[in-house]
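What follows is a short report on a single structure.
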Amino acid sequence: MHRARFAQCAWFARSLAIASLVFMSFATQATATLPKPFVATYAVTFRGLNAGTLRMEFRQDSSPQRYVLETRASPSALASFVVSSAAFERTILEVTPDGLRPVQWELDDGKSGNKGDGQLTFNWTDLTVSGSYEGQPVKLALEPGMQDRLSIQLGAMTSLLQGHEPGTIAMVNGDNIRHYTYTRGKTETVQSKLGALDTVVYESTRPNSNRISRVWHAPSLEFIAARAEQIRKGKVETVMTLVELTHGQ
């Protein structure tokens, strides 16, 4: 299993790649339209093999207008050869009258060296995002509603909570910008350890890519993903299934 592919479990954490933008007015009801803080645990498989679990936590930061979204992997014995249990991905977001937007993003693969590591700062005054990715400097122009590869996960949830359809969103992926388009599919019932969950399926795609991300959002869980898949060249590679969910205050 290639490390970069399992790191796409940070896909949900990143790819879930499956979310959408939050560039809408929150006004005085900003916090009311956000999902409640939660901790979700997903069982992960890669090409049918057990790859361990992924823990995603959404919590309020010390500032009342800031939140943190963080993912950490607990790799299986096989996956531990390529994924460190010390690896994490984290984004700090702020609530503004224009929506929920990232201010800092960090990725650490838990290993020595800077390969697989990144730190980015979003400057919404100068409309730039800068920092480093795998040891190389990064400086890019911000686009309206732009997200990082982790904050994008809250986009779909927040958009759906507001009754809006996800559209096309710009995302900073390390040292480059990608544009994902989200398409609503059919409704399905997902059998999970939390019971039977009614879900709505969304797919995300980007130009010139052979990958598709598919997520089953559960309205009863504030549109938290009950299941997520990453498909490459028509074949399902990574599958994430919700096995545990707790809500904070």
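Numbering (our numbering), first residue to last: 4 to 252. Every residue gets a Cβ at the ideal spot worked out from N, C-alpha and C, and that includes glycine. Quick caveat, the model's predicted, so the values are computed rather than measured.
Residue pairing of THR44 in beta bridges, as defined by DSSP: ARG58 and GLU247. Counting C-beta pairs closer than 8 Å gives three or more between the stretch 38-57 and the stretch 69-84, which meets the contact rule. GLY237 sits in coil when the DSSP states are folded into three classes, being neither helix nor strand.
Residues THR44, ALA46 and LYS196 of the same chain have their beta carbon placed closer than 6 Å to that of VAL246, with the five preceding and five following residues left out of the count. Residue burial is scored here from C-beta neighbours: ALA144 has fewer than 16 other C-beta atoms within 10 angstroms and is therefore classed as exposed.
By a beta-carbon distance limit of 8 Å, LEU153 contacts THR94. Their separation comes to about 4 Å. Cβ-Cβ separation between MET174 and ILE227: approximately 20 Å, too far for a contact (criterion under 8 Å).
Membership of LEU157 in the alpha helix (DSSP H) is indicated by the continuous run 155-164. Beta-bridge annotation (DSSP): VAL193 is paired with LEU200. DSSP lists ALA173 as the beta-bridge partner residues of HIS182.
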